[in-house]
Structure formats: structure tokens, C-alpha cells
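Working notes, structure below.
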Amino acid sequence: MSNRTLVLDDALYDYLCRVSLRETPWQRQLREETATLEMARMQIAPEQGQFMALLVKLMGAQQIIEVGTFTGYSALSMAQVLPEDGKILCCDVSAEWTAIAQRYWQAAGVLQRIELVLAPAEETLSARLKAGGAGQYDLMFIDADKTGYAEYVELGLALLRPGGLLLLDNTLWSGRVLDAQTSDLDTRALQALNKALLHDERIDLSLLPVGDGLTLCRKR
Numbered sequence: 342m343s344n345r346t347l348v349l350d351d352a353l354y355d356y357l358c359r360v361s362l363r364e365t366p367w368q369r370q371l372r373e374e375t376a377t378l379e380m381a382r383m384q385i386a387p388e389q390g391q392f393m394a395l396l397v398k399l400m401g402a403q404q405i406i407e408v409g410t411f412t413g414y415s416a417l418s419m420a421q422v423l424p425e426d427g428k429i430l431c432c433d434v435s436a437e438w439t440a441i442a443q444r445y446w447q448a449a450g451v452l453q454r455i456e457l458v459l460a461p462a463e464e465t466l467s468a469r470l471k472a473g474g475a476g477q478y479d480l481m482f483i484d485a486d487k488t489g490y491a492e493y494v495e496l497g498l499a500l501l502r503p504g505g506l507l508l509l510d511n512t513l514w515s516g517r518v519l520d521a522q523t524s525d526l527d528t529r530a531l532q533a534l535n536k537a538l539l540h541d542e543r544i545d546l547s548l549l550p551v552g553d554g555l556t557l558c559r560k561r
């Protein structure tokens, strides 16, 4: 027994998935196809996708933003539990990776719930703010370039309604956030962001050891 989070070895992680994971066939097939790609490590863990979908349902979220879509697993996980009139704005810059995503969104019958914009996310989000989008979104998931996280957080807090939820992926960064001497810009950006969020009075905060570290920020 311990009063701290368990370290999951392969056997215990496999057990976790066996007794709790409820992937749809489309999620499973997308995950398996993505696993064959060179950049497969960019995909979120399936239990994280299921957790995010549960948050969407618990919140009754209808309007979602995703920054960094890759092959679309996280968007698919959330879109499947949205109401028919719910929408996800997906911001990405890769036509190649998101073409895979669109195939599975179409097959799963959720393509009409997803708006994909291929452009730098800062431009897309700034344009939504200028168009009157402030306070209009329920949830935002950030899983993109780490040096851009701080700016995405600011834009996200402007776009989210009070009580809206901001999710940030990779905030434990496979433990590299512990390296005080690092010169890696991504690592330094995450270190600085984690410190800043701790003292940010605009949010309620929790950092969970889900996947590669998942930070939850509730806008006050």
C-alpha cells in the first residue's frame, strides 16, 4: 500500500486497459494504424482519450477546441460523445496526418462535428477571438509545439467560458521536466509553464500522471 500514485509496469498497465478500456472499433483501428507510423509517439494513450471523453460528458461540453490533432484519435474520442449539434475546432498544420484523421472521422460518423483548420493555431484562435468567440467554448485540449503552449493557454483562457476546462498534454515530458540544466527549448517551455500555472489565480489546477502528464485547468 502507498499514499502516492502507482508506477505502472507493463503487466499492470495491460490489466488497466483490459478492465477499463472501452474503445470503439474506429478508435482501435486508428490507434493500430498510427502505431505503424514513424511519429506514432505523438498519439495520446487510449486511456487518456477515454478520460477526456468522460470529462466532455461530465461537463456537458458542446464547443471544443483542439490544438494539435495529428491522426485524430483525441478528436475522435471527444467527438463520439458530443451531442449532434456539438462541434470541435481542430487546429493543425499537417495535411498528411490529418488526412488519416478525416478517414476515421468519416467512418465513425462524426465528421460533421469537426471543423479542421490547417493553419498556425495562434492565427486561427486569434481570428476566432476577433470574430466574437470570447467565452464561447467549454473545453480546449492543447497537444502541439511545446514552445507555443504559453500563448495557447492565454488564447484558450480568453476563448473559454467561466468554468471551462483547459487540458494540456505532455506536461511531465517523460520526466525531462526534472532536468534543471537542459538546453532543450521544449523542455524549458514546459518547465516555465508548469511553474507559471501553479501561481495563476485565474484557474483551478491539477496535474495528473495520465499518459505523459495531463494538466487540467478550470477557468475561474
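For the sequence shown, the positions run 342 to 561 when the working numbering is used.
Every residue gets a Cβ at the ideal spot worked out from N, C-alpha and C, and that includes glycine.
Values in this document were obtained by computation on a predicted structure and should not be read as measured data.
May I have the straight-line CA-CA distance separating L347 from T465, to the nearest angstrom?
Along the sequence shown, read from residue 1 onward, the residue named residue 347 stands at position 6. Along the sequence shown, read from residue 1 onward, the residue named residue 465 stands at position 124. The alpha-carbon atoms of L347 and T465 are separated by roughly 39 Å.
In the DSSP assignment, the beta strand (DSSP E) including E456 goes from what residue to what residue?
Here the question's residue 456 lines up with position 115 in the sequence shown. Run containing E456: 455–459, per the beta strand (DSSP E) assignment.
Start-to-end residues for the beta strand (DSSP E) that takes in P503:
Numbered from 1 along the sequence shown, position 162 holds the residue referred to as residue 503. That run of the beta strand (DSSP E) goes 501–510.
If I measure Cβ to Cβ from R543 and keep anything under 8 Å in the same chain, skipping five residues before and after, which residues do I get?
Counting from 1 along the sequence shown, the entry for residue 543 is found at position 202. Counting only Cβ-Cβ distances below 8 Å, and skipping sequence neighbours, we find L498, K560, R561.
Is R502 near Y478, with beta carbons less than 9 Å apart?
In the sequence shown, counting from the first residue as 1, residue 502 sits at position 161. In the sequence shown, counting from the first residue as 1, residue 478 sits at position 137. Yes; because the gap between Cβ atoms is below 9 Å, this pair is in contact.
Kindly list the residues whose CB is nearer than 7 Å to the CB of L513, restricted to its own chain and excluding five residues on each side of it in sequence; keep chain order.
Counting from one through the sequence shown, the residue named residue 513 turns up at place 172. Same-chain partners within the cutoff: P550, D553, G554.
CB G413 to CB W446, shorter than 9 Å?
Position 72 of the sequence shown holds residue 413. Position 105 of the sequence shown holds residue 446. Yes; because the gap between Cβ atoms is below 9 Å, this pair is in contact.
Does the beta-carbon distance from Q403 to G427 come in below 9 Å?
Within the sequence shown, the letter at position 62 stands for residue 403. Within the sequence shown, the letter at position 86 stands for residue 427. Result yes, Cβ atoms of Q403 and G427 sit closer than 9 Å.
Provide the residue span of the alpha helix (DSSP H) that contains D351, from first to last.
The residue labelled residue 351 in the question sits at position 10 within the sequence shown. D351 -> alpha helix (DSSP H) spans 351–361.
Could you tell me whether the Cβ of K398 comes closer than 9 Å to any Cβ of chain C?
Of the protein chains in the structure, only one exists, and it is not chain C.
The region 358–372 in contact with the region 518–532 per 3-pair CB rule at 8 Å:
no
Closest residue to K398 among L509, R382, L423, R345 (Cα-Cα distance)
Reading the sequence shown from its first residue, position 57 is the one you call residue 398. Checked all of L509, R382, L423, R345; the closest Cα to K398 is L423.
Where R372 falls: helix, strand or coil (DSSP):
For this step, residue 372 is matched to residue 31 along the sequence shown. Helix, per DSSP.
Do V451 and C432 have their C-beta atoms within less than 9 Å of each other?
The residue given as residue 451 occupies position 110 in the sequence shown. The residue given as residue 432 occupies position 91 in the sequence shown. No, the Cβ-Cβ distance between V451 and C432 is not below 9 Å.
If you draw a straight line from the alpha carbon of A530 to that of S515, how long is it in whole angstroms?
Residue mapping note: residue 530 aligns to position 189 of the sequence shown, counting from 1. Residue mapping note: residue 515 aligns to position 174 of the sequence shown, counting from 1. Looking at the two C-alpha atoms, the distance is approximately 14 Å.
Candidates M380, L371, T377: which alpha carbon is nearest A416's?
Translated into positions along the sequence shown, residue 416 becomes position 75. With distances taken between Cα atoms, A416 lies closest to L371.
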